[in-house]
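Novice: Okay, so the sequence shown: first residue is 228 according to my numbering, each after it adds one.
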Amino acid sequence: MEFEAFEAAARAAYQEIPDAFKEGVGGLVVSREALVHAEYPDVFTLGHCLTEDHPSDYGSPDTTRSVIALYWGSFRQLAKLDPSFDWADELWETLTHELRHHLESLAGEDELEGVDYAADETFKRDKGLDFDPWYYQHGEAVASGAFRIENSWYLEQSFTSGRFERATHLDFEWKGVALRVPRPERLGDVHFVRIRGIELEHATLELVLLRNRSWWEDVKRLAGASRPVVYESEAEAEPAADC
Numbered sequence: 228m229e230f231e232a233f234e235a236a237a238r239a240a241y242q243e244i245p246d247a248f249k250e251g252v253g254g255l256v257v258s259r260e261a262l263v264h265a266e267y268p269d270v271f272t273l274g275h276c277l278t279e280d281h282p283s284d285y286g287s288p289d290t291t292r293s294v295i296a297l298y299w300g301s302f303r304q305l306a307k308l309d310p311s312f313d314w315a316d317e318l319w320e321t322l323t324h325e326l327r328h329h330l331e332s333l334a335g336e337d338e339l340e341g342v343d344y345a346a347d348e349t350f351k352r353d354k355g356l357d358f359d360p361w362y363y364q365h366g367e368a369v370a371s372g373a374f375r376i377e378n379s380w381y382l383e384q385s386f387t388s389g390r391f392e393r394a395t396h397l398d399f400e401w402k403g404v405a406l407r408v409p410r411p412e413r414l415g416d417v418h419f420v421r422i423r424g425i426e427l428e429h430a431t432l433e434l435v436l437l438r439n440r441s442w443w444e445d446v447k448r449l450a451g452a453s454r455p456v457v458y459e460s461e462a463e464a465e466p467a468a469d470c
């Protein structure tokens, strides 16, 4: 998509958003620039929410003013790297993502900082780099022990070593359906089990098996004095009623 078409599409999308959700936003800037990550040359920043606080009455949106910036050059570079890159979907996703940053700034919250951290750690994991194995907990908590990062879903299950050894399979529920997978051989501290055999459309689903840890182990982990044992595997899911 050429710059002029991208800018027109971005401004049209911005106009579609109700004014109530743009309160305190000074406008949209569409730049030709490509913002590449300082360490990872194939990671690009698609947008920014540039926010400043100004003195005003407490609770007024005038205390926070933002400008939403979109970087056409970054979109173009990612489109070159990924033939399936969908300009319209990515534009809308980026625009609404940055707008959420502004709304959370108005509320004095910034949950998206956690989401951004989780996305960065997801990238490291996908590239085979060292990553925080508890990164998914910084994503959106959709239920107790269930987290979402964009189109990736994570379902936690905790085990003592003894209970894990006694188990022959792992039961879980997905969209109201009871499912089951064979228990992997090893638990480790964190074991990601990617689920196959069920319709997920464009999403991914992983069981995250956690070993119950003592408080002292958690203290050492937080202090960086111990390195977690992390495993990854895949498993075919079957309806629990058929097993």
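For each residue, glycine too, the CB sits at the ideal point set by N, CA and C.
What number of angstroms, rounded off, separates the C-alpha of L297 from the C-alpha of V257?
Specialist: 5 Å
Novice: Three or more beta-carbon pairs under 8 Å between the stretch 379 to 398 and the stretch 316 to 330, yes or no?
Specialist: no
Novice: So, is E243 buried or exposed, given that buried needs 16 or more other C-beta atoms within 10 angstroms?
Specialist: exposed
Novice: Between which two residues does the beta strand (DSSP E) holding L305 run?
Specialist: That residue, L305, is in no beta strand (DSSP E); its alpha helix (DSSP H) goes W299 to L308.
Novice: Could you tell me the alpha carbon to alpha carbon distance between V187 and V342, rounded to whole angstroms?
Specialist: Here the chain has residues from 228 to 470 only, and residue 187 is not among them.
Novice: Cα-Cα, which of P245, F419, I295 and F386 is closest to C276?
Specialist: The residue from P245, F419, I295 and F386 with its alpha-carbon nearest to that of C276 is I295.
Novice: Roughly how many angstroms lie between the CA atoms of Y241 and D316, to the nearest whole one?
Specialist: 13 Å
Novice: In its own chain, which residues sit with a C-beta less than 6 Å from the C-beta of R421, not counting the 5 before and 5 after it?
Specialist: E433 and E461
Novice: Between which two residues does the beta strand (DSSP E) harbouring R407 extend?
Specialist: V404 to P409
Novice: Beta carbon of F386, beta carbon of L414: below 8 Å?
Specialist: yes
Novice: How is the alpha helix (DSSP H) around F233 delimited, first residue to last?
Specialist: F230 to E243
Novice: Quick one: residues in its chain with C-beta nearer than 6 Å to the C-beta of P360, no 5 flanking neighbours on either side, listed in chain order?
Specialist: For P360, the CB contacts under 6 Å within the same chain, skipping 5 residues up- and downstream, are V417, P455 and V457 in chain order.
Novice: Checking 8 Å against the spacing of the C-beta atoms, do T278 and L262 come in under that value?
Specialist: no
Novice: For the beta strand (DSSP E) containing E463, name the first residue and the last one.
Specialist: V457 to E463
Novice: Can you find the residues in the same chain that come closer than 8 Å, C-beta to C-beta, to T395, ignoring five residues on each side of it along the sequence?
Specialist: P409 and R410
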